[in-house]
Amino acid sequence: MVSRDGAARPAGRPGGAAARQRLVELACEWMPGCDWAATSRQIGSAIGILMSAYTITNEQAFRLLRATSQNLNRKLRDVARDVTDPGELPAQG
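In UniProt numbering, the protein residues as written are 1 to 93.
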């Protein structure tokens, strides 16, 4: 895989899509009834919506989703669901 600056980097580098998917898988191991594939798809959909709405990169969209999750003290999957249902980030207080 090649970064924007043309430098080669490993495909599974931390912060990449593979790392995010693995984090979802690990989190779901601790949540009874969690469907990691559905959760991962919902997070991916939310990232896509944010990329389109704000004209940002995949990584920037994930950071925005994660920051919103932390600021609201809510699970990332719940914030992702809020984004995919109405198509926008939840209001921050």
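Note that CB positions come from ideal geometry on N, CA and C, so glycine has one too.
Which of helix, strand or coil DSSP assigns to residue i
i	result
A8	With a pLDDT of 49 at A8, under the threshold of 50, the modelled position of this residue cannot be trusted; read the value that follows with caution. Three-state result, A8: strand.
I56	coil
Q92	coil
D85	coil
Spatially closest choice to residue i from the options, by CA coordinates
i	options	result
S52	R74, A18, T84, D35	T84
I43	I56, A17, T55	A17
R74	P86, A91, R22, T55	A91
A61	A80, P86, A19	A80
D82	T57, R63, N58, I49	I49
Anticipated Cβ contact below 8 Å, residue i with residue j, distance rounded
i	j	result
L65	A38	Not really, about 16 Å apart at Cβ, beyond 8 Å.
Beta-carbon proximity list for residue i, same chain, < 7 Å, skipping 5 on both sides
i	result
L76	I43, L65, R66, S69
N58	I47, M51
Contacts around residue i, its chain only, beta-carbon distance under 6 Å, and the 5 residues preceding and following it disregarded
i	result
R13	Note that R13 scores 47 on pLDDT, short of 50, meaning its location in the model is unreliable; the coordinates nonetheless yield the value given after this. Counting only Cβ-Cβ distances below 6 Å, and skipping sequence neighbours, we find nothing.
Neighbourhood of residue i by C-beta distance below 8 Å, restricted to the same chain and skipping five residues each side
i	result
R63	none
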